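Letter 350 of the sequence shown, counting from 1, is numbered 371 in the working numbering, and no numbers are missing. Cβ coordinates follow ideal geometry from the N, Cα and C atoms, glycine included. Predicted model, so just to flag it, every value in this text is computed and none were measured.
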Amino acid sequence: MNVKKIFLVMSPAILFLIAGAASSLVAQAPAEIQLAVAAPDPAKAGDELTFQIIILNKETAAWAKTDINCVIELFDSSGKYIGKTQGFKLPSDVPPGGSSLILASHQIPFSYSGRYQFRVMLYKKGQNILTSAFYDFSVKAAAVEEKKDKPLFLNGNMSFLCKNSQRADYQGSVSANILGKLYDSTLVFNSNAYSSEDDRFDIDSIYLSLFARKYKVSAGDVMPEFSPLSLYSLAGRGLVLDYMTRSADFSGVYIRTQEAAEGDATSNGVYARYTGGLNASVKLPAGFGLKLSGVQTYDSESSISDPGPANSAIANEVLSSEMRWACGFMDVKGEFASSSRREKEYIAVSDSYDSGVSTTGAAYRFETRFFTRKFNLKGKYQKAEADFLSLSSPGLYPDRESSEVSGGYSPFQFLRVSGGVQSSEDNLENDADRDTTKQTVSNYGFQLNVKNLPGISVSSTLNKVEGSSVTVLSNETKGLNMGLSYRLGGQMISAGISESAFRNHASTATGHDLDTGVFSFAYSGAIGSFLSFDAGYASNETKNLYDLSIDETTSLSLGANVKFTKTLNLFLYGSKTSREKLADNVKTDTQNYSAEITYSARKNLSVTTGVSVEKNDETTDAEDYSSTGYLFRLHYSF
């Protein structure tokens with residue numbers, strides 16, 4: 022597949038879309054509602070109703086809490102619009118794949134009585150990125166309501182799934198999502214558990230949070246954050262305590278970040294690793310603030326009985342102080358951290374550990390940001406000494422210095438231009454036994470979202486890496502991405518083209534020059550209220566310029582949802598993926614088909630049963646196969 026030819030073929034279609042499109046919309050929604058409930062339900066007319074919404078970020082970039090705005094629209098039982106709430110912001114930034122809870126409060130008029138509906142409208146920088154389905158709630162007339170508020174109120178859903186196939190053993194899962202109220206505190210609970218022939222019961226994820234105006238308690242799978250140099254982007258299972266006042270915030274955490282695994286005579290085991298820490302953030306006059314953090318991470322030597330032939334247990338402590346200042350158009354942060362590290366080597370002959378060697382190091386970080394309504398500029402600088410170690414910040418590498426400058430400008434509401442440069446260098450002490458690596462990544466692009474016209478995005482990147490010995494390390498990667506999306510009468514279409522070129526300039530290069538092209542197309546539409554469907558196509562071609570070999574991968578998928586009645590629904594899905602390595606004359610085709618029927622036995626109870634077929638065909642001596650599977654799912658909401 023030649024991406025350039027496809028682009029030339031599609032050019033007339035793209036021009037047609039630009040001329041006749043209605044509005045921009047990506048085929049895959051950038052956000053997803055995990056749970057949306059109104060509490061209490063029924064509510065009392067004249068009282069305050071809280072809409073509790075859990076939103077999932079499906080984009081590849083983090084959401085800034087100031088960019089997202091959530092509005093709840095209200096409708097009566099017949100679907101007539103009757104009003105909306107004010108906008109509500111996210112409580113904090115949300116990383117890609119992360120979720121956030123929004124509590125949207127609304128005063129119910131005294132005139133309300135009976136059944137009502139609401140839907141969630143999510144906006145990013147003023148652009149709608151999600152319109153949810155309708156959710157029900159009820160209101161009791163104030164004149165006849167005499168029941169007292171319940172101290173405990175729960176609302177949510179549970180799902181039970183069981184499936185089996187000829188190629189895979191039995192698999193089962195149980196998931197629960199609960200939002201509720203315990204006196205004046207909000208309760209959140211999410212859990213997923215799996216069962217199989219090899220593992221009878223495994224809690225894959227679990228999360229429980231109870232929070233009010235001054236405190237928050239979180240247990241289960243958490244990702245606490247203190248500061249980039251002390252505790253940052255570290256996921257684990259444990260407990261997090263937060264206490265907030267007007268002048269200061271305090272946090273405590275204790276989590277397990279690594280599970281234990283036994284070693285043997287030829288391979289090392291894995292110690293259970295635990296992280297605990299305390300954090301205090303104090304607000305000072307004139308916009309200043311001070312944050313102090315202390316974190317300890319250690320490997321539990323007693324967690325495994327056989328460490329293996331050559332293993333070491335590590336203990337790491339980090340102390341960090343951060344000073345910040347903010348005003349109306351800028352903010353500044355500076356952080357200093359010191360670390361100590363003790364590594365105790367396991368001696369297999371005596372089944373004991375030595376006294377260990379201790380090292381210390383330091384790290385520095387500076388960040389500033391300027392912003393107006395149309396313009397923003399951000400700068401970062403960070404340096405970590407060779408002996409600095411922070412196991413509680415996995416993205417922080419020792420012996421490295423890095424800087425970053427990025428910015429964006431929106432001269433009009435429908436246009437945004439952005440760009441940035443990142444650079445890093447290691448081997449800061451110029452160790453003669455090591456090669457020094459320098460990397461520079463630059464990017465720029467624009468997004469155009471004009472009302473009643475398609476959304477257009479273009480971006481370009483250049484990643485350049487050089488070593489002190491260019492005969493060993495010297496390469497660069499250039500990339501170009503173009504995307505187009507639009508909606509016309511409920512039909513949604515998007516297309517994207519990307520090209521990248523990898524060039525290895527090292528004289529002792531082990532990696533060959535590669536050209537890669539990707540084309541994708543997606544379509545989603547509906548016919549009335551009884552039929553909706555989605556289709557997608559993607560093609561990837563990689564060409565090795567050394568031996569001129571070509572690898573191709575294409576995939577096609579189609580799904581349809583048929584609503585026969587209010588209680589009976591049919592879902593059909595099929596996909597085909599072809600992988601071809603022309604030089605070796607190897608081709609693999611994988612096909613998947615499934616059909617599911619869902620029956621809503623009651624308003625809050627649905628039953629799903631389905632069948633699936635998987636086929637695999639190869640041109641090699643590998644055995645082809647065809648497998649049939651079955652599934653049963655029960656979904657209950659309360």
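- Here A358 carries a strand assignment [DSSP, helix/strand/coil].
- Here G308 carries a helix assignment [DSSP, helix/strand/coil].
- Under the three-pair Cβ rule at 8 Å, the region 420 to 436 counts as touching the region 395 to 404.
- Taking C-alpha positions only, L577 is separated from A516 by approximately 14 Å.
- A residue is called buried when at least 16 other Cβ atoms come within 10 angstroms of its Cβ; Q138 meets this threshold and is buried.
- Using a C-beta cut-off of 8 Å, the region 228 to 243 makes no contact with the region 373 to 384, since fewer than three inter-stretch Cβ pairs fall below that distance.
- Non-local C-beta neighbours of L591 in its own chain, meaning closer than 6 Å and more than five positions away in sequence, comprise V583 and I618, ordered along the chain.
- Using a C-beta cut-off of 8 Å, the region 348 to 359 makes contact with the region 246 to 259, since at least three inter-stretch Cβ pairs fall below that distance.
- DSSP, reduced to helix, strand and coil, places E322 within a helical segment of the structure shown.
- Here the alpha carbon of T318 sits roughly 42 Å from the alpha carbon of S519.
- When DSSP states are grouped into helix, strand and coil, H526 belongs to the coil group.
- With fewer than 16 other CB atoms across the displayed protein chains lying within 10 angstroms of its CB, T630 is exposed.
- Here the alpha carbon of M351 sits roughly 26 Å from the alpha carbon of S272.
- N448: not part of any beta strand (DSSP E); DSSP gives it neither H nor E.
- Looking at the DSSP output, E343 shares a beta bridge with K312 and E356.
- Annotated as proximal: V141 and I54, with beta-carbon spacing under 7 Å.
- A contact is defined here as three or more CB-CB pairs under 8 Å, and the region 435 to 447 meets this definition with respect to the region 456 to 472.
- The region 286 to 302 and the region 311 to 330 touch, with no fewer than 3 CB-CB distances between them shorter than 8 Å.
- Burial state of E562 is buried, judged by a 10 Å Cβ sphere holding 16 or more other Cβ atoms.
- Looking only at T641, Y620, L151 and S615, the smallest Cα-Cα distance to E601 is reached by T641.
- When the five nearest sequence neighbours on each side are left out, the beta carbons in the same chain lying within less than 6 Å of the beta carbon of G595 are those of L579 and Y614, in order along the chain.
- Under the rule that a run must span 3 or more residues, the beta strand (DSSP E) segments found entirely inside the region 480 to 560 read 495 to 509, 512 to 525 and 535 to 548.
- Excluding residues up to 5 positions away in sequence, V491, S495, N496 and E497 lie with their Cβ nearer than 8 Å to the Cβ of H526 in the same chain.
- Contact between L566 and H533 is confirmed by a C-beta separation of about 7 Å, below the 8 Å threshold.
- Residues of the same chain with a CB within less than 7 Å of the CB of K184, apart from the 5 flanking positions on each side, are Q192, G650, Y651 and L652 in chain order.
- Checking the DSSP bridge columns, you'll see R258 partnered with D242 and R277.
- Rounded to whole angstroms, the separation of the alpha carbons of F109 and A125 is 6 Å.
- Bridge partners of S186 according to DSSP: G650.
- Per DSSP, reduced to three states, the secondary structure at I75 is strand.
- When DSSP states are grouped into helix, strand and coil, S288 belongs to the coil group.
- Rounded to the nearest whole angstrom, the C-alpha separation of N625 and S226 is 24 Å.
- Counting along the chain, the unbroken beta strand (DSSP E) around C91 starts and ends at I89 to D97.
- At least 7 Å separates the beta-carbon of S411 from that of S424.
- Annotation: V261 to A197 spans about 21 Å, alpha carbon to alpha carbon.
- The continuous beta strand (DSSP E) containing G466 extends over residues T458 to N470.
- For D610, the enclosing beta strand (DSSP E) starts and ends at V607 to R623.
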